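One structure is given below, encoded as structure tokens.
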Amino acid sequence: MSAIANFKKRCDAEKANAEKAQQAHDCAEHDPIPAPVNEALALLAHLLGCEEQDAIAQAKEFAAMGCKVVSLEADLTDEQADKVAAGLSEDDKAASINADLEQTNTELQHSADTVADAAQTVEQAADKVETAANDVSETSSDLAYSAESISEAASDIKEATEELKKPSAEQASSRGEKDAKAKKSSKK
């Protein structure tokens, strides 16, 4: 019977080990193993005065802006060093913002000058159009006056031509008498 008892003990032991392994597996899925602390990341976050998850992104920003590490006096306390680091990063951000604002102001001033020049050009063109319209109006008035004068002159010429075409009664008789008298005298 000892063989049977030993067999049962081994089966019970295997079941117990299997249950422990299952429990350990279940806990691993629900409770993640904490990641090891990254000292370099923690130090970078401390120096930049930000959270660890933002430290690398902020360091890349500073590197892109051309920021360099300045040596701090060893006499500064941690709190003072944090304030200096935060102040440097704020100064860099403010300088970048000021540069962007200056560029934007320059572009806006240039655009305003361009718009003002365009407005002046439009105003000059409008003045020229108005002057041309006045000239056309005066010219049309002059043409109307000239046309009236030409029409009157044409009427006068027509009347004069009609008068010239009509034979005059006095002229015909006087000419005929003179011609007749001249003819008679030549016959005598």
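Residues in the sequence shown are numbered consecutively from 638, following this note's numbering. Glycine is no exception: its CB is placed at the ideal position from the N, C-alpha and C atoms. Just so we're clear, the structure is a prediction, and the values are computed from it rather than from any experiment.
Whole angstroms are fine: how far does the CA of residue j sit from the CA of residue i?
i	j	result
S786	K765	31 angstroms
A640	Q660	30 angstroms
D750	I734	24 angstroms
A843	A655	Nothing about residue 843 can be reported from this structure: the residues present for the chain run from 638 to 825 only.
A694	E688	11 angstroms
A736	A762	39 angstroms
E739	T776	55 angstroms
Classify residue i as buried or exposed, calling it buried when 16 or more other Cβ atoms lie within 10 Å of its own Cβ.
i	result
L685	buried
A753	exposed
A769	exposed
A732	exposed
R647	exposed
A692	buried
A677	exposed
A682	buried
With a CB to CB cut of under 8 angstroms and the five nearest residues on each side skipped, what residues in its chain are close to residue i?
i	result
D729	F699, M702, C704
Would you kindly report the start and end of the unbroken alpha helix (DSSP H) that includes residue i?
i	result
K705	Neither: K705 is in no alpha helix (DSSP H) and is coded neither H nor E.
E676	676-685
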